[in-house]
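Reviewing the structure listed below.
Residue numbers (this note's numbering), protein chains in the order written: chain A, 1 to 209; chain B, 1 to 209.
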């Protein structure tokens with residue numbers, strides 16, 4: 001498999017960590033989002049959504065959208081599972097993950113922040129914008145996960161944890177104060193002890209500067 | 001089951017249509033997003049994410065986040081299915097749905113548009129902002145669905161179609177010109193012929209003015 005990825009993209013972090021947890025081999029193809037490579041004709045032919053990640057299967061099929069890729073991986077390579085057993089437990093784990101993946105990440109995406117700047121706002125306003133959505137999102141996430149398990153929903157990291165570690169990386173990048181969310185900091189620290197997750201983080205990527 | 005819902009919310013449309021397609025009984029509890037009821041302590045206790053929809057099961061369990069609810073419904077009440085058979089086909093249907101559910105809706109959400117206005121922008125700028133993301137999102141969606149099926153991925157409406165009809169409603173609300181997307185208009189028209197979908201649309205809701 002081949003993964004179109006950008007080192008700092010939080011959606012790329014999620015998929016790299018899942019591929020690693022499941023012990024799958026893949027080749028990273030870096031896409032430089034800051035240089036705008038994702039909007040090139042060549043890349044748009046791969047992913048009409050012009051984003052990363054995109055996963056190319058061995059038969060050439062391209063899968064896009066990180067959450068859809070994670071579901072595919074979990075269906076196709078079930079061990080270790082990314083979701084708990086039981087339809088209600090799965091729905092609750094998905095809901096927490098979506099609190100970050102739908103209510104924080106899309107609004108703080110590079111293309112959205114660039115649009116904000118095109119409206120005349122400077123970097124300080126953009127950073128405040130990002131922190132606002134992180135504050136709201138982490139507050140809800142903290143209330144949606146289980147209060148007493150090593151990871152968000154059990155004894156092993158899953159979908160919600162992968163969304164969390166990626167967003168925590170982004171939070172630190174923008175000096176967002178995580179002190180109000182001690183449980184989230186603890187889960188992130190526990191995740192970073194797992195080589196499959198640690199090696200998915202931005203600084204470990206071939207396109208990291 | 002009880003569904004916390006707002007008549008014009010596109011995420012509520014998706015879940016109402018799925019409940020109807022699967023022939024499930026539910027009671028609508030309107031949440032007035034414009035009046036800010038979603039931020040009340042009472043509602044935050046139901047849904048820490050302070051959004052709609054939220055589905056309350058008969059045992060009192062609350063499920064939040066529309067896509068997580070749709071997955072729950074599809075797992076628990078498999079007929080008619082919202083996703084095609086086969087892991088790759090499912091991933092492609094999810095990816096198209098997410099092109100709207102993650103790349104358009106969250107950025108055009110009421111709370112995001114209100115934040116834009118708090119930065120000093122007027123309604124015209126807000127509408128341009130919404131149209132920009134719809135244009136990008138519909139363009140990608142159009143390339144991610146199958147080119148030749150009655151609905152986005154087959155002979156019956158599924159996850160991608162439900163995301164589409166809700167976003168098309170929103171597009172018309174803001175006078176977004178859909179002429180560049182004839183296939184999307186055709187699929188929407190076909191969906192509106194299905195009573196389960198037509199009755200999920202905003203004007204049919206108890207809280208519609």
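Positions of the beta carbon are idealized from the N, C-alpha and C atoms, including for glycine.
Contact holds between the segment 156-175 of chain B and the segment 6-20 of chain B, because three or more Cβ pairs, one in each stretch, are under 8 angstroms apart. Contiguous alpha helix (DSSP H) elements confined to the segment 152-195 of chain A occur at 159-173, 182-192, taking only those with 4 or more residues. By the rule that beta-carbons nearer than 8 angstroms mark a contact, residue 94 of chain B touches chain A. When the five nearest sequence neighbours on each side are left out, the beta carbons in the same chain lying within less than 7 angstroms of the beta carbon of residue 100 of chain B are those of 137, 141, 163, 164, 167, in order along the chain. The CB of residue 6 of chain A never comes closer than 8 angstroms to any CB in chain B; the least such distance is about 16 angstroms. Listed in chain order, the positions of the segment 80-94 of chain A with a beta carbon within less than 9 angstroms of a beta carbon of chain B are 87, 88, 90, 91, 92, 93, 94.
Residue 22 of chain B: not part of any alpha helix (DSSP H); DSSP gives it neither H nor E. In the DSSP assignment, residue 56 of chain B falls outside any alpha helix (DSSP H) and within the unbroken beta strand (DSSP E) covering 54-56. For residue 197 of chain A, no pairing in a beta bridge is given by DSSP. Here residue 70 of chain B carries a helix assignment [DSSP, helix/strand/coil]. Per the Cβ contact rule, the segment 75-92 of chain B is not in contact with the segment 25-35 of chain B (fewer than 3 Cβ pairs under 8 angstroms).
In the displayed model, residue 83 of chain A falls within coil according to three-state DSSP, outside both helix and strand. Taking the beta carbon of residue 103 of chain B as reference, the chain A residues within 7 angstroms of it are 49, 106, listed in sequence order. Taking C-beta atoms under 8 angstroms as the contact rule, residue 6 of chain A and residue 31 of chain A qualify, at a distance of about 5 angstroms. In this structure, the straight-line span from the alpha carbon of residue 160 of chain B to that of residue 92 of chain B is close to 10 angstroms. Burial check for residue 35 of chain A: the Cβ neighbour count within 10 Å stays below 16, so the residue is exposed. At a cut-off of 8 angstroms between beta carbons, residue 203 of chain B makes no contact with chain A. Looking from the CA of residue 109 of chain A, the closest CA among A:158, A:157, A:171 belongs to A:171. In terms of Cβ geometry, residue 105 of chain A and residue 67 of chain B do not form a close pair [threshold 8 angstroms]. Burial of residue 16 of chain B is indicated by the presence of at least 16 other C-beta atoms within 10 angstroms of its C-beta. Here the segment 36-44 of chain A makes no contact with the segment 180-193 of chain A; the two share fewer than three CB pairs at distances below 8 angstroms. Taking 8 angstroms as the upper bound on Cβ-Cβ separation, chain A lies near no residue of the segment 173-188 of chain B. Rounded to whole angstroms, residue 200 of chain B and residue 61 of chain A show a C-alpha spacing of 35 angstroms. Nearest to residue 103 of chain A by C-alpha distance, out of A:133, A:123, A:118, is A:133.
Close partners of residue 71 of chain B in chain A (Cβ separation under 9 angstroms): 71, 87, 90, 91, 94. Judged by beta-carbon spacing, residue 19 of chain A lies within the 8 angstroms limit of residue 3 of chain A, meaning their Cβ atoms are closer than that value. Taking the Cα positions, residue 147 of chain A is about 13 angstroms away from residue 139 of chain A. When DSSP reads this structure, residue 30 of chain B sits in a beta bridge with B:5.
Residue 64 of chain A: member of the beta strand (DSSP E) spanning 62-64, first to last residue.
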